[in-house]
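**Student:**
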Amino acid sequence: MTNKYSCYVLADPNKCTGCKACELACFAEHNKSNNGVGYTVGTVTIPVTPKLYLTKTKAYCMPIQCRHCEDAPCLNACQKHAIYRENSQVIVDQEKCIGCKDCVLACPFGAIAILPIGEKGKLKLQKDREVVKVASKCDLCKDIEGGPACVRVCPNDALELVDANADIEAKNIKTAEGLYVSRI
Amino acid sequence: MGVHEIEDAKLIFNFGYNGADSHPIVQRRIVRAKQKGATIICADPRVTEAARIADVHLQLKGGTNIALVNAMCNVIYNEGLVDQHFIDTMSVDYDAFVEIIKKYTPEYAETICKVPAELIRKAARMYAKAPSAMILYGMGVCQFGQAVDVVKALGSLALMTGNYGKPASGIGPVRGQNNVQGACDMGALPNNYPGYQNVTNPDVQAKFEKAWGVKLSNKVGVPLTHVPQRVLEEKDPAKKLHAYYIFGEDPAQSDPDVAEIRETLEKLDFVIVQDIFMNKTAEFADVILPSTSWNEHDGVYSCCDRGFQRIRKVVEPPSTVKTDWEIICEISTAMGYKMKYKNTEEIWNELIDLCPNFAGATYEKIEKYGCIQWPCRSKDMNDKGTVFLHNGKFATADGKGKFYTAEWRPPQELENEEYPLSFSTVREVGHYSVRTMTGNCRMLRNLEDEPGWIQMNPADCEKLHIKHGDLVKVMNKRGWCITRCNATERVAKGATYMTYQWWIGCCNELTIGSNLDPVSNTPEYKYCNCRVEKIDDQAAAWDYVNNEYKDLRSRMGIKMIGEEA
Amino acid sequence: MATKQVQTTCAYCGAGCQIMFTVDTDKNKIVNAVPAKGRTNDGTLCLKGHYGWDFINDPQILTKRITKPMIRKGGKKSALTEVSWDEAIKYVADRLTAIKKEYGPDSIMCTGSARGPGNEANYIMQKFARACIGTNNVDHCARV
Amino acid sequence: MRVVEIDKNICTGCRECAKVCPAYAIEGEQGEPQTINTDKCVMCGQCVQKCKSYVSIVTHGYEAYDKVRKERGIPESVKEPLFAAHNVTHIDEVKKALADPTKVVMASAAPAVRTGLAEEFGYKLGTLSNGKMAAAFRALGFDYIYDVNFAADLTIMEEGSELIERVTTGKGKLPMFTSCCPAWVTFLERNYPELSDHLSSCKSPQQMQGAVQKTYGAELRGLKKKDIFNVSVMPCTCKEFECSREEMNASGERDIDVVITTRELAWLIKDAGIDFKSLKEEEFDKPLGEFTGAGEIFGATGGVMEAALRTGYELITGKEIPDVKIPSVRGGEGFRTADIKVGDLTLKVGVVSGLKHVVQVLEDVKAGKLNHFHFIEVMTCPVGCVSGGGQPKLLMDTDKETAYYNRTHTTYKMDEELPIRKSHDNPSIKKIYKEFLKNPLGEKSHHLLHTHYVKGPAKTVK
Amino acid sequence: MRKFVKGNPDLCIGCRTCMIGCVVEHEGRRIFEIDPDGYDFNPRLHMVKTAKISVPVQCKHCENPACMAACPVNCIKVINDAVVIDTDSCIGCKSCVQACPFGAIDMVSKIGTQQADGSMRVVANKCDLCVGTGNGPACVRVCPTSALTLVDEEKLKEVVCDKRVATANAAKVFADAKEVE
């Protein structure tokens, strides 16, 4: 299904306790097929690299992830065309990414980090044996059954998959109802 | 007003001033002001660095400055954005001023300036509503036949909005060369003794006569820009010039219409050139006197905000050259008027005692505080000079600001069928003045070298089938030069610009020397017409440029490799 | 290498930036320029301030440094001849005196310099024009 | 002694661990690093299971990860994430013993270990790895591969007899509580010392196993007990504490020398470069490695009860139990009760799963409300040892239900598939009583297999 | 993470002091002494001026450099976390120029070198973060408007962290408002 607008996951800092279950789940789900990550911690053989980032302020905390902007600064900044749209979502092609960090700086949310990636359970290396590092950001678990893992695992229901289309529709109906009540 | 104050401005109205190329370190303050949240309005026909970061860029057509300023005043007047209290208490001649600006509605100005009326309104409102606003202007205001009018009109804009006497307000010229302020301070002006004391004032004359021990003339002298006319055209033998003592300048490169300058220099009976490097003017000199360069002598410079700062001898000069003041003193002495000083401090002490506004600015104080902004009237160490010039009062007889503006006069030479483009001179950031110093600096030479560039809109280039980087011929009725095409969106269609540092790509072959501002006598460097021609045989053109360069260097005394033998 | 540091004011625009030069005193040569903390420049310099000093060693790039007084002994357009300072000074003084005598002091024009020479040299030049020649014909290229 | 800890530098202060701690031992402000109050902590390791606050290469850096790994004594071969809440590891001691030629190293693993171990090698949740585990022990160089399942059967013999004695003779307090879960025992000793006589005097299967390995086991093989090094592998973080209780030296040596968790066994296997997936299934050594279905179901909640009832029924009635499967004692978290007909007697039994649920039970016992109960099984962890604090840790808690279900299911399935499902039918149990122990609750049993639980905090030797 | 120098068009005034600073740092101060035609003037960053932007462009020191992957003779290496061209082994094939999406590599002739036919060697040229000078990137140091920043891991973290905190603050306002509803 193609949305009119892209969806994104938004955290509620009033509910989030900062447990990082979302980060770990994100990593686990994204590394099942490539890196043999199973159900338990012992199956992990590479550093945990999530695609959302728990952020703590003095008073509260929440994970920060991609908003899948409609005019995405990261996509616009990428000279390699390694950031593209798929079903309205903004996706990083980690094969194409050369790790230039432009998108990191372009993103106004801090939703992108340059992180190593694994391949067959080991950190992927480049020609000179250096670790491959690429832009990592939320892809809304696009190929993962059950949808965004972070939303699923949050013990406090602090994460929500926001569907702007549905949201607008719901608000419109509410407003219409209000107009009905207040009619003259 | 000081340079550092720019940073704290709430609004900067940057008018005909390209700090990025002429004073990068001043531009830095503008950039920082913007970072600190200042609003920037930029009036400039080009997308300069200031225009690029401006909130509003008024990209006016060259030579229409006063129409734009009048229109902004018109908006402020008509929309009731004036500071009436300030006008009532602090100014005179408001009504006459209003009479003129009434006609300059934004719609009318749009027909002259080609700036959309709404944008003029927007800028005027922004300026008038800012808590304090600072106007910075540069050569884009001064180098026109109608220049002083614009300066006064800008002053009136500040007056009607009460933008005087508070921090980061007022109107400030940002002058081109390093010591323009100093040369003026020192009375290298036909109408002023040092310290802006008028030659026609008998009291002043008496003071200087007493100090110097000779009778002095009370007749205002000849402005530099009148020299060609006084040599080539003057019929009255009493007014005709016969000798020209040029020091530290190169009019054959820097002055407008250099063909006329060359003729002038040829016609003069006696030309003295006192300089550090061979230059174009020296080719016409009867005598050449070698002097010391910056870094080889002591002294004081005045920076653009009236700050006296020391310059110091960094290295010893070649043994066979003398300082400028030593040479002049020796000639004077030889001519029967004895001048002898031990050092620059002795000269300085003599002159500050003659100038009430400088009297307190001793070497000792400048050393101690690094910089003294005049007026500094007392030798007491606690008098550290003056940061704000207009402290609540204007330097006029009645202490009030005078409103003034004028009707727009078009530039003297407009585009026509034969020469369809406008032509203006601008600055090259990496080179200074006529380039005798910076052109001899390796890195600056490597960054930009002959034959320079002509900035043109890509659409105009396309019309002429010229590509970026091509050598082109630029010409008008006064002369021509060869230079490279810089196709850039930063200039408007129909306009061209050349930096005046190039000896081969010499833009002053084209500029007009005859349209001077009636008050300041500044020539109209910023407007004439031209035609750009495509050169089909680029290789031959490059050969020409290279040979010209070689020939030029040889004339300037450079021995080419293999030439020695 | 014996060195000293000298702070001075940059001569390339009216901003009045302060530069700190390092000088090799043995060779009498500048080796380095760095920004100094000045009122207007605040420890920064532009490209001219940083890299605009090696002209002083006469690198023979654009023009040659003038090191000796020269006179065109054969009149206009003749070749320049190097002369002694005494001869040059006398020649200038004599010619100016003659012109002043023939056409009056206002037939002589002097310039100040808005560039390297400095305030004292400008003061001396205008004093020369006014007190020695007797004219107010002194001006500089403030407008260029 | 240090058993379970929270690393202040890594803890984000989410207090998710505090939500699962049955002992309310985790203290700290929300958002600030937490500390464990060791006076309250029962070392169950549920916080270790819950904690997701990992050492991140993003926020802490690679060096921080290596530093933490080294500090905790985890081998370099381990690349898995490390968390703020963790248990102190002892694998170095095991490696040292295995490398020491003078030591005879005996392995014994708890029932629940084999339901979880394979998960750490990428197998599905709850995959049984009984034979592979035995093979892994051998590959690691253990000299004897025994099994705590054997001691589980032994526990049933002793504890069942004790229950019968308490019920039939009136000697000893009722209801009798099981004593195999050390976290539960610790909780009771510290918080309800007045009820400690209700505990069965039996040692846990681990400690029974250790004691017989160093006595009977030594005799069988002609070994000196001081040369024997007993390694116990447990799904439990508290077992290390239990083995360190000062009285646990009935054999004359420390009965169990060291305890490691299921997770640590996986580290050992990986560190030795053993390819778990390609291991062939192997057998445990006899007799101390022979077991029945009754021993195996100790890993699940209600398992001890069910095993005890299978034997108790037959010992009391002298008849074969009609159905070995007793579904009424099986279940999930909470307190459930059942009435079991044993001949003329109706045994009133209860099963507590999850330590949080035991407080009300204890208060009721104190108030005399549960005087009619005979036997109550208590397990600290949510669904018994299969959900223990030392079991493989889930990356996503959404898998918890499946993991618990599968591990429990595997436990019961193994029971069903075993030929012998009653502890007293275990030939090796028969053998040990015949050759060594003589009778349940006899003198040797009393000395080796029973203990006195204390009123208050237990003393340890480590 | 690799460091890189980033230009800020809001601060840049297009003066190109950075370009000269680059040359001086790489050629050494000897250039002020020697024959004015005896050294290379090959800045490793390039001022770009469009109608809206002035900013120097230079190598981003990518984590997985496309240039390095493209080089057939493996002369692009990582030294002290900087992606550096070994110009001695560069064959001038321009593969890296083609691969780089930023135009950060250009081809320059090297004065004083020659190939078999006597013509001057032309090699790839790009920012090396002034590795080995111990002074850090010269362009950053000389920029009069502080328009260039050396972005290292700390700096990047700081920038991203600030943004995340701002995002969290915004989300907090949103969540509070929702709660009131």
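Quick mapping for you: the protein sequence lines, in order, are chains A, B, C, D and E. The first sequence begins at 63 in our numbering and counts up one residue at a time. The second sequence begins at 736 in our numbering and counts up one residue at a time. The third sequence begins at 23 in our numbering and counts up one residue at a time. The fourth sequence begins at 13 in our numbering and counts up one residue at a time. The fifth sequence begins at 50 in our numbering and counts up one residue at a time. Beta carbons are placed, not taken as given, at the ideal position from N, Cα and C, and that holds for glycine. Because the structure is a prediction, the values reported are computed rather than measured.
1. For residue 101 (chain C), which three-state DSSP category applies?
2. Report yes if the CB atom of residue 1042 (chain B) is closer than 8 Å to the CB atom of residue 140 (chain C), and no otherwise.
3. Would you tell me roughly how many angstroms separate the C-alpha atoms of residue 76 (chain C) and residue 1239 (chain B), rounded to the nearest one?
4. Along the chain, where does the beta strand (DSSP E) containing residue 175 (chain A) start, and where does it finish?
5. Go ahead and pull the three-state DSSP assignment for residue 1153 (chain B).
6. Using a C-beta to C-beta distance shorter than 7 Å, which residues of chain E count as neighbours of residue 66 (chain C)?
7. By DSSP, does residue 188 (chain E) sit in helix, in strand, or in coil?
8. Would a C-beta distance cut-off of 8 Å place residue 329 (chain D) and residue 354 (chain D) closer than the cut-off?
9. In the DSSP assignment, what residue or residues form a beta bridge with residue 223 (chain A)?
10. Report, in whole angstroms, the separation of the C-beta atoms of residue 864 (chain B) and residue 795 (chain B), which I expect to be a contact under 8 Å.
11. Can we say the stretch 1209-1228 of chain B touches the stretch 761-778 of chain B, given the rule of at least three CB pairs closer than 8 Å?
12. Report yes or no: is there a C-beta of chain D within less than 8 Å of the C-beta of residue 146 (chain A)?
13. Straight-line CA distance for residue 224 (chain A) to residue 222 (chain E)?
14. Check the C-beta distance from residue 128 (chain D) over to residue 372 (chain D) and give it rounded, since I have them as a contact under 8 Å.
15. Does the separation of the CB atoms of residue 22 (chain D) and residue 38 (chain D) fall below 8 Å?
16. Applying the criterion that 16 or more other CB atoms from any shown protein chain within 10 Å of the CB defines a buried residue, is residue 215 (chain A) buried or exposed?
17. Just the Cα atoms here: how many angstroms apart are residue 392 (chain D) and residue 221 (chain D)?
18. With 16 other CB atoms within 10 Å as the buried threshold, where does residue 64 (chain A) fall?
19. Strictly under 8 Å for the Cβ-Cβ distance: is residue 759 (chain B) near chain E by that measure?
20. Can you tell me whether residue 1025 (chain B) is helix, strand or coil according to DSSP?
21. Who are the Cβ neighbours of residue 1100 (chain B) in its own chain at under 7 Å, not counting the five residues just before and after it?
22. At 4 residues or longer, and completely inside the stretch 761-847 of chain B: list those alpha helix (DSSP H) runs for me, N to C.
23. From residue 1189 (chain B) to residue 1282 (chain B), what does the alpha carbon distance come to, in whole angstroms?
24. With burial defined as no fewer than 16 other Cβ atoms inside 10 Å of the residue's Cβ, what is the status of residue 122 (chain E): buried or exposed?
25. To the nearest angstrom, report how far apart residue 1166 (chain B) and residue 124 (chain E) are at their CA atoms.
26. Can you list, in chain order, the residues of its chain with a C-beta nearer than 7 Å to that of residue 899 (chain B)? Leave out the 5 residues immediately preceding and following it.
27. For residue 1227 (chain B), which of B:971, B:1191 and B:1083 has the nearest alpha-carbon?
28. At which residues does the alpha helix (DSSP H) containing residue 220 (chain D) begin and terminate?
29. Can you list, in chain order, the residues of its chain whose CB lies under 8 Å from that of residue 238 (chain D), leaving out five sequence neighbours each side?
30. If you drop the 5 nearest sequence neighbours on each side, which residues of the same chain put their C-beta closer than 8 Å to that of residue 130 (chain C)?
31. What is the DSSP secondary structure of residue 339 (chain D), reduced to helix, strand or coil?
32. Measure the alpha-carbon distance for residue 34 (chain D) versus residue 195 (chain E) and round it to whole angstroms.
33. Using Cβ-Cβ distances below 7 Å, what residues of the stretch 103-129 of chain E are close to chain A?
34. Following the continuous alpha helix (DSSP H) through residue 1036 (chain B), name the residue where it begins and the one where it ends.
35. Considering only C-alpha positions, which residue in the set E:160, E:83 and E:99 is nearest to residue 58 (chain E)?
36. Tell me the DSSP secondary structure of residue 1216 (chain B) in three-state form.
**Tutor:** Reading off the structure:
1. As a first step, residue 101 (chain C) is located in the third sequence; it is residue number 79 there, counting from the start. Reduced to three states, the DSSP call for residue 101 (chain C) is coil.
2. Stepping through the second sequence from its first residue, residue 1042 (chain B) is reached at position 307. Stepping through the third sequence from its first residue, residue 140 (chain C) is reached at position 118. Not closer than 8 Å, so no.
3. Counting from one through the third sequence, the residue named residue 76 (chain C) turns up at place 54. Counting from one through the second sequence, the residue named residue 1239 (chain B) turns up at place 504. Rounded to whole angstroms, residue 76 (chain C) to residue 1239 (chain B) spans 23 Å at the Cα level.
4. In the first sequence, the residue the question calls residue 175 (chain A) occupies position 113. For residue 175 (chain A), the uninterrupted beta strand (DSSP E) segment begins and ends at 175-178.
5. As a position in the second sequence, residue 1153 (chain B) is number 418, starting the count at 1. Per DSSP, reduced to three states, the secondary structure at residue 1153 (chain B) is coil, with no helix or strand assignment.
6. Along the third sequence, one-based indexing puts residue 66 (chain C) at 44. Correct list: 193.
7. Reading the fifth sequence from its first residue, position 139 is the one you call residue 188 (chain E). Helix.
8. Taking the first residue of the fourth sequence as position 1, residue 329 (chain D) is located at position 317. Taking the first residue of the fourth sequence as position 1, residue 354 (chain D) is located at position 342. Here residue 329 (chain D) is near residue 354 (chain D), since their CB atoms are less than 8 Å apart.
9. Taking the first residue of the first sequence as 1, we reach residue 223 (chain A) at position 161. According to DSSP, residue 223 (chain A) bridges with A:71.
10. Here the question's residue 864 (chain B) lines up with position 129 in the second sequence. Here the question's residue 795 (chain B) lines up with position 60 in the second sequence. So it is not a contact: roughly 22 Å between Cβ atoms.
11. no
12. Here the question's residue 146 (chain A) lines up with position 84 in the first sequence. Residue-level contact check: residue 146 (chain A) does not touch chain D, since none of the beta carbons of chain D fall below 8 Å from its beta carbon.
13. By 1-based counting over the first sequence, the position of residue 224 (chain A) is 162. By 1-based counting over the fifth sequence, the position of residue 222 (chain E) is 173. Cα-Cα distance, rounded: 17 Å.
14. By one-based count along the fourth sequence, residue 128 (chain D) stands at place 116. By one-based count along the fourth sequence, residue 372 (chain D) stands at place 360. At roughly 30 Å, the Cβ-Cβ gap does not stay under 8 Å, so residue 128 (chain D) and residue 372 (chain D) are not in contact.
15. Sequence index remark: in the fourth sequence, residue 22 (chain D) carries index 10 (1-based). Sequence index remark: in the fourth sequence, residue 38 (chain D) carries index 26 (1-based). Against a cut-off of 8 Å, the Cβ pair of residue 38 (chain D) and residue 22 (chain D) comes out as no contact.
16. Position 153 of the first sequence holds residue 215 (chain A). Counting Cβ neighbours within 10 Å, residue 215 (chain A) comes out buried, since at least 16 surround it.
17. Counted from its first residue, the fourth sequence places residue 392 (chain D) at position 380. Counted from its first residue, the fourth sequence places residue 221 (chain D) at position 209. Spanning the two alpha carbons is a distance of roughly 21 Å.
18. Within the first sequence, the letter at position 2 stands for residue 64 (chain A). Confidence in residue 64 (chain A) is poor, its pLDDT being 45 and thus under 50, which makes the residue's placement too unreliable to answer from.
19. Here residue 759 (chain B) refers to the residue found at position 24 when the second sequence is read from its first residue. Yes, because at least one Cβ of chain E sits closer than 8 Å to the Cβ of residue 759 (chain B).
20. Working through the second sequence from its first residue, we reach residue 1025 (chain B) at position 290. Of the three classes helix, strand and coil, the one that applies to residue 1025 (chain B) here is strand, per DSSP.
21. Within the second sequence, numbered from 1, the residue matching residue 1100 (chain B) stands at position 365. Excluding residues within five positions, the ones whose Cβ falls inside 7 Å are 1107 and 1116.
22. 784-787, 800-813, 819-825 and 829-836
23. To locate residue 1189 (chain B), count along the second sequence from 1; it is residue 454. To locate residue 1282 (chain B), count along the second sequence from 1; it is residue 547. Straight-line Cα distance between these residues: approximately 20 Å.
24. Within the fifth sequence, residue 122 (chain E) is the residue found at index 73, counting from 1. The residue in question, residue 122 (chain E), is exposed, as its Cβ has fewer than 16 Cβ neighbours within 10 Å.
25. Taking the first residue of the second sequence as position 1, residue 1166 (chain B) is located at position 431. Taking the first residue of the fifth sequence as position 1, residue 124 (chain E) is located at position 75. The straight-line gap from Cα to Cα measures roughly 38 Å.
26. What you label residue 899 (chain B) is simply residue 164 of the second sequence in a count that begins at 1. Cβ contact annotation for residue 899 (chain B) (same chain, cutoff 7 Å, sequence separation greater than five): 893, 905, 1125 and 1136, in chain order.
27. Mapped onto the second sequence, residue 1227 (chain B) falls at position 492. Of the candidates B:971, B:1191 and B:1083, B:1191 places its Cα closest to the Cα of residue 1227 (chain B).
28. Translated into positions along the fourth sequence, residue 220 (chain D) becomes position 208. Residues 217-226.
29. On the fourth sequence, residue 238 (chain D) is found 226 positions in, with the first residue counted as 1. Counting only Cβ-Cβ distances below 8 Å, and skipping sequence neighbours, we find 265.
30. What you label residue 130 (chain C) is simply residue 108 of the third sequence in a count that begins at 1. 118, 121, 122, 151, 155, 157 and 159.
31. The count along the fourth sequence starts at 1 and reaches residue 339 (chain D) at position 327. Three-state DSSP puts residue 339 (chain D) in a helix.
32. Counting from 1 along the fourth sequence, the entry for residue 34 (chain D) is found at position 22. Counting from 1 along the fifth sequence, the entry for residue 195 (chain E) is found at position 146. C-alpha of residue 34 (chain D) to C-alpha of residue 195 (chain E): approximately 57 Å in a straight line.
33. 109, 111, 112, 113, 114, 115, 117, 118, 126 and 127
34. Against the second sequence, residue 1036 (chain B) aligns to sequence position 301. First-last for residue 1036 (chain B): 1034-1037, but that is the beta strand (DSSP E), not the alpha helix (DSSP H).
35. Position 9 of the fifth sequence, counted from the start, is the residue given in the question as residue 58 (chain E). Residue 58 (chain E) has its Cα closest to that of E:99, out of E:160, E:83 and E:99.
36. Residue 1216 (chain B) sits at position 481 when you count from the first residue of the second sequence. If DSSP states are grouped into helix, strand and coil, residue 1216 (chain B) belongs with the strands.
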